[in-house]
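Peer 1:
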Amino acid sequence: MSMVRPKKHLGQHFLKDKNIARKITACLSDRFPVVCEIGPGTGILTQSLLEKENIRQLTLIEIDTESVTYLHQHFSDERLQILETDFLKSDLPALFPENFSLIGNFPYNISSQIFFKILENRNRIPEVVGMIQKEVAERIAAKPGNKTYGILSVLLQSWYDIEYCFTVNETVFFPPPKVKSAVIRLQRNKTEKLNCNETLFFKVVKAAFGQRRKTLRNALKALFGGSPVTHPLFDQRAEQLDVSDFVTLTNLYEAALAENKSRI
Ligand code: SAH
Numbered sequence: 032m033s034m035v036r037p038k039k040h041l042g043q044h045f046l047k048d049k050n051i052a053r054k055i056t057a058c059l060s061d062r063f064p065v066v067c068e069i070g071p072g073t074g075i076l077t078q079s080l081l082e083k084e085n086i087r088q089l090t091l092i093e094i095d096t097e098s099v100t101y102l103h104q105h106f107s108d109e110r111l112q113i114l115e116t117d118f119l120k121s122d123l124p125a126l127f128p129e130n131f132s133l134i135g136n137f138p139y140n141i142s143s144q145i146f147f148k149i150l151e152n153r154n155r156i157p158e159v160v161g162m163i164q165k166e167v168a169e170r171i172a173a174k175p176g177n178k179t180y181g182i183l184s185v186l187l188q189s190w191y192d193i194e195y196c197f198t199v200n201e202t203v204f205f206p207p208p209k210v211k212s213a214v215i216r217l218q219r220n221k222t223e224k225l226n227c228n229e230t231l232f233f234k235v236v237k238a239a240f241g242q243r244r245k246t247l248r249n250a251l252k253a254l255f256g257g258s259p260v261t262h263p264l265f266d267q268r269a270e271q272l273d274v275s276d277f278v279t280l281t282n283l284y285e286a287a288l289a290e291n292k293s294r295i
């Protein structure tokens, strides 16, 4: 068992069950030899990852000094690189000159930020296996028309195929979290570029869900200014739209911006 005293502010809930650790690492396909693990803690997933022969480089990113010391004391494998740093602040393109897959029992308090960082680096991260809060996993995997469908569902589904792998009980952690957990897998889809301006796409998706109960006509009023909002999509609410609908909306927004500019 771990000798590291769990720190709440770092979202530390250590997995106790080796079989679950194996089940999680088994979700990673064997296609990518470079793997990054977020928040290894005392290394239960690390141990199981090192059993995988296809892995040529395993980089651990851990913010907690005590855990890093523990890892240095308990693991020595030439494929392993241990970095004591904040994942959110790390320069991924500099650390990983080639594609890599990402895995971890994520610190739940920053899981959304981790996914936004994955989106920024989507062309370098072909695969992600993450254990996160069950509700967040359901939200990310949700399809249009579902109450839990939201910003991260649309953005992640634009570039990744998402699978809800399995649910994990709170009893397999120390200390047990207050919520249930789940493992999801993201695999990069074939989309290289959306058929719209991607910066504006993020802006439209965020604004649309910012007021998710309103029709898009009202939710996007501030963005569209005085421009006409007659397209039938404006009669719907954000949660009813799929990725291609948001692409359509973004192109309407870009046209509205151009038109407003020409009026000034
Ligand atoms: N993988 C381990 C620990 C999971 S708990 C296990 O399954 O037992 C989450 C881990 O993420 C903790 O070790 C915590 O210290 C680490 N962590 C929290 N915030 C982090 C950040 N910003 N960057 C890197 N690691 C972080």
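Each residue of the sequence shown is one higher than the last, beginning at 32 in our numbering.
Note that CB positions come from ideal geometry on N, CA and C, so glycine has one too.
Note that the structure is a prediction, hence the values are computed from the model and not measured.
(1) Please list the segments of the alpha helix (DSSP H) lying wholly inside the stretch 140-209, counting only runs of 4 or more residues, in order along the chain.
(2) Could you work out which residue in Ser98, Gln88, Ile86, Ser60 is closest to Ile75 when comparing CA atoms only?
(3) With Thr248 as the anchor, note down where its alpha helix (DSSP H) starts and where it stops.
(4) Taking Cβ positions, are Ile113 and Leu102 nearer each other than 8 Å?
(5) At which residues does the alpha helix (DSSP H) containing Ile51 begin and terminate?
(6) To the nearest angstrom, how far is the alpha carbon of Pro263 from that of Val274?
(7) For ligand 1, any of its heavy atoms closer than 7 Å to the Cβ of Thr198?
(8) Drop a sphere of 10 angstroms on the beta-carbon of Ser293, count the other beta-carbons inside from all chains shown, and report buried for 16 or more, exposed for fewer.
(9) Please report how far the alpha carbon of Asn136 lies from the alpha carbon of Lys234, in whole angstroms.
(10) So, do the stretch 189-206 and the stretch 40-60 have three or more beta carbon pairs nearer to each other than 8 Å?
(11) Could you tell me the distance, in whole angstroms, from the CA atom of Tyr297 to the CA atom of Asn291?
(12) Check whether the Cβ atoms of Ser60 and Glu158 sit closer than 8 Å, and answer yes or no.
(13) Less than 7 Å between C-beta atoms, sequence neighbours within five positions excluded: which residues of the same chain meet that for Val167?
(14) Who are the near neighbours of His105 in its chain, counting only those whose CB is closer than 7 Å to its CB and skipping five residues on each side?
(15) By the 10 Å Cβ neighbour count, where 16 or more other Cβ atoms means buried, how is Asp108 classified, buried or exposed?
(16) Under the assumption that Val58 contacts Val199 (Cβ atoms under 8 Å), give the Cβ distance between them as a whole number of angstroms.
(17) Please state whether DSSP places Gly241 in a helix, a strand or coil.
(18) Can you grab the Cα-Cα spacing for the pair Ser184 / Phe118, in whole Å?
(19) Hey, would you say Arg268 sits closer than 8 Å to Lys252, going by beta carbons?
(20) Within its chain, find whatever has a CB closer than 6 Å to the CB of Val35; leave out the 5 residues flanking it on each side and keep chain order.
(21) From the DSSP secondary-structure annotation, give me the bridge partner or partners of Leu217.
(22) According to DSSP, is Arg268 part of a helix, a strand, or is it coil?
(23) Apply the 10 Å Cβ neighbour rule to Pro259 and answer buried if 16 or more other Cβ atoms are within range, or exposed otherwise.
(24) Considering only their Cβ atoms, is the gap separating Phe265 from Arg248 smaller than 8 Å?
Peer 2: A quick look at the data gives this:
(1) 142-151, 165-172, 182-190
(2) Ser98
(3) A small correction: the amino acid at residue 248 is Arg; Thr does not occupy that position in the sequence shown. Segment 247-250, the alpha helix (DSSP H) holding Arg248.
(4) yes
(5) 49-56
(6) 16 Å
(7) no
(8) exposed
(9) 29 Å
(10) yes
(11) Because the chain in this structure spans residues 32 to 295, residue 297 falls outside the shown range and cannot be described.
(12) yes
(13) Ser142
(14) Gly74
(15) exposed
(16) In the sequence as displayed, the identity of residue 58 is Cys instead of Val. Not quite, the Cβ-Cβ distance comes to about 12 Å (not below 8 Å), so this is no contact.
(17) helix
(18) 22 Å
(19) no
(20) Thr73, Glu97, Ser98, Tyr101
(21) Val159, Ile193
(22) strand
(23) exposed
(24) yes
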